[in-house]
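For the sequence shown, UniProt numbering begins at 1 and goes up steadily by one.
Using N, Cα and C, we set each Cβ at its ideal position, and we do this for glycine too.
A quick note: this is a predicted structure, and the numbers were derived from the prediction, not measured.
To start, the structure itself, in structure tokens.
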Amino acid sequence: MSEAKAGQKSETTRSRKEIIEALMQRHGQTFCDKLSIPIEQGTPSPLFRWLVASILFSARINADIACAAARALSEAGWRTAQAMAESTWEERTEVLNRAGYARYDESTSRMLGESAQMLLEQYKGDLRILRETAGAEPQAERKRLKAFKGLGDVGVDIFFREVQTIWDELYPFLDERALDAADQLGLPRDARALAGLVPREDFPRFATALAQAARRHDIDAIRGEEPA
Numbered sequence: 001m002s003e004a005k006a007g008q009k010s011e012t013t014r015s016r017k018e019i020i021e022a023l024m025q026r027h028g029q030t031f032c033d034k035l036s037i038p039i040e041q042g043t044p045s046p047l048f049r050w051l052v053a054s055i056l057f058s059a060r061i062n063a064d065i066a067c068a069a070a071r072a073l074s075e076a077g078w079r080t081a082q083a084m085a086e087s088t089w090e091e092r093t094e095v096l097n098r099a100g101y102a103r104y105d106e107s108t109s110r111m112l113g114e115s116a117q118m119l120l121e122q123y124k125g126d127l128r129i130l131r132e133t134a135g136a137e138p139q140a141e142r143k144r145l146k147a148f149k150g151l152g153d154v155g156v157d158i159f160f161r162e163v164q165t166i167w168d169e170l171y172p173f174l175d176e177r178a179l180d181a182a183d184q185l186g187l188p189r190d191a192r193a194l195a196g197l198v199p200r201e202d203f204p205r206f207a208t209a210l211a212q213a214a215r216r217h218d219i220d221a222i223r224g225e226e227p228a
């Protein structure tokens, strides 16, 4: 019997159900859960905290560091647009730096202050008003969210991924990275088809898991095709 060549993949390939189970087991925790953000409440503070986290995650920085920074800002008491706007640039910079977000601490500190002020001035500190003003229409919401400093399409994709828990007009939302991961896992490359594979309440976790699988490059392990 010939031996498997170095790097050859095993013949073990999981079924679609097993792939989804493996995916969710590895990566099926939303960032809101990790950060103890009760996004399901849909109230101004959790929405603002998730906006802040989305800005932090959208930078080219390790996700664990971004998590630590988001947690540190929350622990500093800046859980609303009003509280963030009342903090000083120096205070925010110090908190970000201590959390390890040193590469972008000064620019991000400025963007967070400006975004909080804009949210207060235009939407009374309440992202529900942004949604209402946009007519609960995803493209209009995206356009308004991108007006916040530090939030481009990548950041809005991150925000949409988990806020679809309560903003039904976004469901089912998957960004291109998540769709690519689904395709590589042998799943449909279509958000609505993928939505049929998991319960509605699990879809944000599923979306996060797909994006994380792409970021962590462990598609083969999830498929059950580790090198022999």
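Below 8 Å on the Cβ atoms is my guess for residue i versus residue j; work out the distance and round it to an integer in Å.
{"i": "Y104", "j": "I61", "result": "7 Å"}
{"i": "R223", "j": "G186", "result": "7 Å"}
{"i": "E201", "j": "T30", "result": "No, E201 and T30 are not in contact; Cβ-Cβ is about 11 Å, not under 8 Å."}
{"i": "K146", "j": "V156", "result": "6 Å"}
{"i": "G135", "j": "M111", "result": "G135 to M111, Cβ: 27 Å. No contact."}
{"i": "L174", "j": "I20", "result": "No, L174 and I20 are not in contact; Cβ-Cβ is about 14 Å, not under 8 Å."}
{"i": "P138", "j": "E90", "result": "Incorrect: roughly 37 Å between the Cβ atoms, too far for contact."}
Short check: CB of residue i to CB of residue j, under 8 Å?
{"i": "residue 284", "j": "M24", "result": "Not covered by the structure: residue 284. The range shown for the chain is 1 to 228."}
{"i": "I55", "j": "S115", "result": "yes"}
{"i": "T133", "j": "E40", "result": "no"}
{"i": "R131", "j": "E121", "result": "no"}
{"i": "A69", "j": "L35", "result": "no"}
{"i": "T80", "j": "S109", "result": "no"}
{"i": "G182", "j": "R189", "result": "Residue 182 is actually Ala in this sequence, not Gly. Yes, the pair counts as a contact, with Cβ atoms nearer than the cut-off."}
{"i": "Y171", "j": "F203", "result": "yes"}
Considering residue i, what are the terminal residues of the alpha helix (DSSP H) in which it resides?
{"i": "A207", "result": "F203 to R216"}
{"i": "I19", "result": "R16 to H27"}
{"i": "R223", "result": "I219 to R223"}
{"i": "E75", "result": "A63 to E75"}
{"i": "Q82", "result": "A81 to E86"}
{"i": "E176", "result": "E176 to Q184"}
{"i": "residue 231", "result": "Past the edges of the chain, shown from 1 to 228, lies residue 231, and the structure says nothing about it."}
{"i": "I189", "result": "With the sequence shown as reference, residue 189 is identified as Arg, and Ile is not the correct amino acid for it. No alpha helix (DSSP H) holds R189; DSSP gives it neither H nor E."}
{"i": "F31", "result": "F31 to K34"}
Return yes when the C-beta of residue i is under 7 Å from any heavy atom of the ligand GDP, and no when it is not.
{"i": "Y123", "result": "The ligand GDP is not among the ligands present in this structure, which contains no ligands whatsoever."}
Continuous alpha helix (DSSP H) assignments of at least 4 residues falling wholly in the segment 92 to 170: Correct list: 105 to 123, 127 to 133, 138 to 145 and 153 to 163.
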